[in-house]
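Chemist: The structure that follows is given in the form of structure tokens.
Numbering (full-length UniProt numbering), first residue to last: 1 to 120.
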């Protein structure tokens with residue numbers, strides 16, 4: 001592999017991987033206002049002048065909360081700062097946990113279809 005070294009499975013057996021990956025289903029989509037935008041806007045209102053050249057538009061963001069990911073046990077996709085505090089989420093890699101979940105569902109559907117065909 002050109003850009004990877006020491007490639008291995010996350011867990012040795014597929015059952016442990018599935019149990020771990022299923023935690024993605026425990027997450028809830030949330031919405032929030034960006035704390036920096038809100039604080040900056042409030043400060044501008046109080047002081048009565050623009051503090052920054054950037055034009056802040058207070059709007060809701062939708063996504064996952066990094067602390068929820070950590071609590072669900074998916075810490076490998078939580079980004080930590082140099083101070084050890086949670087900073088964000090590796091959204092671009094989080095989806096991989098859907099693969100074992102979908103494979104399991106596919107297998108369950110196959111078994112159910114086979115049972116249904118046998119009973120005909």
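Note that CB positions come from ideal geometry on N, CA and C, so glycine has one too.
Take the Cβ of residue 75 as the centre, count every other Cβ of all protein chains shown within 10 Å, and call the residue buried at 16 or more, exposed below.
Modeler: Numbered from its first residue, the chain shown carries residue 75 at position 75. With fewer than 16 other Cβ atoms within 10 Å, it is exposed.
Chemist: May I have the straight-line CA-CA distance separating residue 92 from residue 120, to the nearest angstrom?
Modeler: Here residue 92 corresponds to residue number 92 of the chain shown, with the count starting at 1. Here residue 120 corresponds to residue number 120 of the chain shown, with the count starting at 1. Rounded to whole angstroms, residue 92 to residue 120 spans 45 Å at the Cα level.
Chemist: Could you name the residues that DSSP lists as bridge partners for residue 95?
Modeler: Along the chain shown, read from residue 1 onward, the residue named residue 95 stands at position 95. Note: residue 95 sits in no beta bridge, so no partner.
Chemist: For the alpha helix (DSSP H) that residue 82 lies in, which residues bound it at each end?
Modeler: The count along the chain shown starts at 1 and reaches residue 82 at position 82. It is not in any alpha helix (DSSP H) - residue 82 carries neither H nor E in the DSSP assignment.
Chemist: Are the beta-carbon atoms belonging to residue 90 and residue 101 less than 9 Å from one another?
Modeler: Within the chain shown, the letter at position 90 stands for residue 90. Within the chain shown, the letter at position 101 stands for residue 101. The answer is no: Cβ separation not under 9 Å.
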